[in-house]
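Numbering (full-length UniProt numbering), first residue to last: 1 to 109.
Have a look at the structure below, then the notes.
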DNA sequence: AAACTGACTAATA
DNA sequence: CTATTAGCCAGTT
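Listed below in structure tokens is the structure:
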């Protein structure tokens, strides 16, 4: 395997600590516009020996797409919190503040 | 090869 | 807020 997966991994690896990106965003940055699903699929199929910050990829609502009881769901949340990402009571992330915006001056704060 | 599946998204209702 | 519809497309069966 290569092609799409490597691009996706490459993009995900660039996500800075304490920031998150959406699946659609990653797809777009990877040159796979409209392939949001493939991003999720690729990450799901990511071998454990490939260390990438997959936890920084969330869905468009700023939520973790995995169900808590399934593998990784709570782990992802824990990892993100450890990076300083703040979760709302509903387990959601404020994308306005934490979404990674590459190639753009971060005016936020 | 055809059908199924899925860590998605956006638009409607 | 939930539900439905539709668009997307690679990997599995």
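Every residue gets a Cβ at the ideal spot worked out from N, C-alpha and C, and that includes glycine.
Query                                                                                     : Result
Reduced DSSP secondary structure (H/G/I, E/B, other) of residue 20                        : strand
8 Å CB neighbourhood of residue 32 in its chain, flanking five on each side removed       : 4, 7, 8, 38 and 39
Exposure label - residue 62; buried when at least 16 CB within 10 Å                       : buried
From 41, 34, 59 and 76, residue whose alpha carbon lies closest to that of residue 53     : 76
Contact set for residue 59: own chain, Cβ-Cβ below 7 Å, skip 5 residues either direction  : 22, 23 and 65
Residue span of the alpha helix (DSSP H) that contains residue 92, given as start and end : Segment: none, residue 92 is in no alpha helix (DSSP H) and carries neither H nor E.
Where residue 85 falls: helix, strand or coil (DSSP)                                      : coil
Residue 8 - containing alpha helix (DSSP H), residue span                                 : 4-14
Assigned secondary structure, residue 39 (DSSP; H/G/I helix, E/B strand, else coil)       : helix
Beta-carbon spacing of residue 83, residue 17 below 7 Å                                   : yes
For residue 58, the three-state DSSP class (helix, strand or coil)                        : strand
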